[in-house]
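Visitor: Before I ask anything, here is the structure I am working with.
Residue numbers (our numbering): 16 to 334.
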């Protein structure tokens, strides 16, 4: 009887040690393993176009079960919707997130952008969702985007693919970059009263302008300041780049109200062109080339989707 108790005690100790070892292993490797559900499948929901670019490039498109509308639209622009499941759920809005809809997809991870959805993080986590947070929307340089790529690559145990993507980006940054001092005003949004939002010196678009051989005339500001027409006049930019608002007709109307501006130096970015600036990710390397070509006078006044695809051959690598 005493021997049986001794054996039972030893077996109990072995079981406890084994369970502790398993717990220690998973707690220390959870960020580098592929998170899987009970059926053994990775199920990803992504709610930011900048993150979607990275996931597709790392070869994870087939695991995406849900994404935001803007991510899906981007994949349509690139003609690569074949890289995601045919039955992928597309959410019309990023914020507020459709938590009940996300839960129905049984994701193993939900990848979100802090700048887009940060205020809803607690709600997502309280719903029992495993959330991976990125921060590319607050990136100031390409190095920060590359850091996010490494983090996502490590999370999915795809570090080699992440390094390949970073190398691809750096090759194009080197190829597209130029040195120059052409003054540029970048208008994010023009209000009906002709006040406008622009980019300061500590945001991502500023680094693109610099790499392309330009100088941001509003680099002495920070963030995205709201300025007046007088600021635009006094800055005396050689080139004015305007993001399309609603449609080309309305944007042209707004620009025509700046009677004191020479329209020959104004360039309008279409929706797809705008996304390369506003969604900091791998595809943003093409925005350097775009501005460099504007500086050289090699682009039309309206940079459309068809012109971009024909002349820049915008493609997303998949590893």
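For every residue, glycine included, the Cβ atom is placed at its ideal position computed from N, Cα and C.
Keep in mind the model is a prediction, meaning the values are calculated, not measured.
Beta strand (DSSP E) containing residue 198: first to last residue?
Guide: Residue 198 -> beta strand (DSSP E) spans 197 to 205.
Visitor: Please list the terminal residues of the continuous beta strand (DSSP E) segment that includes residue 229.
Guide: Run containing residue 229: 229 to 231, per the beta strand (DSSP E) assignment.
Visitor: Closest by CA to residue 8, which one among 67, 92, 175, 84?
Guide: Nothing about residue 8 can be reported from this structure: the residues present for the chain run from 16 to 334 only.
Visitor: Say whether the stretch 146 to 159 touches the stretch 103 to 123, bearing in mind that this needs 3 or more beta-carbon pairs closer than 8 Å, one atom from each stretch.
Guide: Result no; under three Cβ-Cβ pairs closer than 8 Å.
Visitor: Take the Cβ of residue 295 as the centre, count every other Cβ of all protein chains shown within 10 Å, and call the residue buried at 16 or more, exposed below.
Guide: The residue is buried, with at least 16 neighbouring Cβ atoms inside 10 Å.
Visitor: If you scan the stretch 118 to 175 from start to end, which runs of the beta strand (DSSP E) of 3 or more residues do you find wholly inside it?
Guide: Counting only runs of 3 or more, we get 124 to 128, 146 to 149.
Visitor: Could you check what DSSP says for residue 330 in three-state terms: helix, strand or coil?
Guide: In this structure, residue 330 counts as coil in the three-state DSSP scheme.
Visitor: Using the three-state DSSP reduction, which class does residue 70 fall into: helix, strand or coil?
Guide: Residue state, collapsed to three classes: helix.
Visitor: Check whether the stretch 214 to 223 and the stretch 235 to 244 are in contact - that is, three or more C-beta pairs closer than 8 Å.
Guide: Cβ pair count under 8 Å is three or more, so yes.
Visitor: Residues in its own chain within less than 6 Å of residue 167 by CB, not counting five upstream and five downstream?
Guide: Cβ neighbours of residue 167 beyond the five flanking positions: 69.
Visitor: What does DSSP give as the partner residues of residue 81 in its beta bridges?
Guide: Answer is 60, 104.
Visitor: Grouping DSSP H, G and I as helix and E and B as strand, with all else coil, what is residue 194?
Guide: Note: residue 194 maps to coil in three-state DSSP.
Visitor: Could you tell me the alpha carbon to alpha carbon distance between residue 102 and residue 88, rounded to whole angstroms?
Guide: C-alpha separation (whole angstroms): 15 Å.
Visitor: How big is the Cα-Cα spacing for residue 209 and residue 243?
Guide: Rounded to the nearest angstrom, the two C-alpha atoms are 7 Å apart.
Visitor: Tell me the DSSP secondary structure of residue 93 in three-state form.
Guide: Correct three-state label for residue 93: coil.
Visitor: I believe residue 81 touches residue 60 by the beta-carbon criterion, under 8 Å. Please report the beta-carbon distance rounded to the nearest angstrom.
Guide: Contact flag correct, Cβ pair sits at about 4 Å.
Visitor: In the DSSP output, what is residue 318 paired with across the bridge?
Guide: According to DSSP, which records beta bridges pairwise, residue 318 is partnered with 284.
Visitor: May I have the straight-line CA-CA distance separating residue 98 from residue 273, to the nearest angstrom?
Guide: Going by the C-alpha atoms only, they are around 44 Å apart.
Visitor: Could you tell me how far apart the beta carbons of residue 281 and residue 300 are, in whole angstroms, since I believe they sit closer than 8 Å?
Guide: Not really, about 25 Å apart at Cβ, beyond 8 Å.
Visitor: Tell me whether the stretch 228 to 236 and the stretch 246 to 263 touch, counting them as touching only if at least three CB pairs, one residue from each stretch, are closer than 8 Å.
Guide: With a cut-off of 8 Å, the stretch 246 to 263 and the stretch 228 to 236 count as touching, because enough Cβ pairs lie within range.
Visitor: When burial is assigned at 16 or more other CB atoms within 10 Å of the CB, is residue 128 buried or exposed?
Guide: Residue 128 should be labelled buried.
Visitor: Please work out which residues of its chain come closer than 7 Å, Cβ to Cβ, to residue 58, disregarding the five sequence neighbours upstream and downstream, and give them in chain order.
Guide: Cβ within range, chain order: 52, 78, 80, 120, 121, 122, 123.
Visitor: Check this for me: beta carbons of residue 297 and residue 72, under 8 Å apart or not?
Guide: Yes. Within cutoff.
Visitor: For the stretch 188 to 205 and the stretch 217 to 229, state whether three or more C-beta atom pairs, one from each stretch, are separated by less than 8 Å.
Guide: Touching, yes, given that three or more Cβ pairs across the two stretches are closer than 8 Å.
Visitor: Could you tell me the distance, in whole angstroms, from the CA atom of residue 201 to the CA atom of residue 254?
Guide: Each residue's Cα considered, the two are about 9 Å apart.
Visitor: From residue 318 to residue 207, what does the alpha carbon distance come to, in whole angstroms?
Guide: Answer to the nearest angstrom: the Cα atoms are 23 Å apart.
Visitor: Let me know the secondary structure DSSP gives residue 18 once reduced to three states.
Guide: Residue placement at residue 18 cannot be trusted, given a pLDDT of 44 that sits under 50; the coordinates are not used to answer.
Visitor: Go to residue 220, then tell me how far its beta strand (DSSP E) extends in each direction, as first and last residue.
Guide: Unbroken run through residue 220 is the alpha helix (DSSP H), 219 to 226; no beta strand (DSSP E).
Visitor: Please classify residue 336: is it buried, with 16 or more other beta-carbons within 10 angstroms of its beta-carbon, or exposed?
Guide: Residue 336 lies beyond the stretch modelled for the chain, which goes from 16 to 334, so this question has no answer here.
Visitor: Would you kindly work out how many angstroms separate the C-alpha atoms of residue 321 and residue 286, rounded to a whole number?
Guide: The straight-line gap from Cα to Cα measures roughly 11 Å.
Visitor: Nearest to residue 132 by alpha carbon, out of 324, 288, 66, 246?
Guide: Checking every option, the nearest Cα to that of residue 132 belongs to 66.
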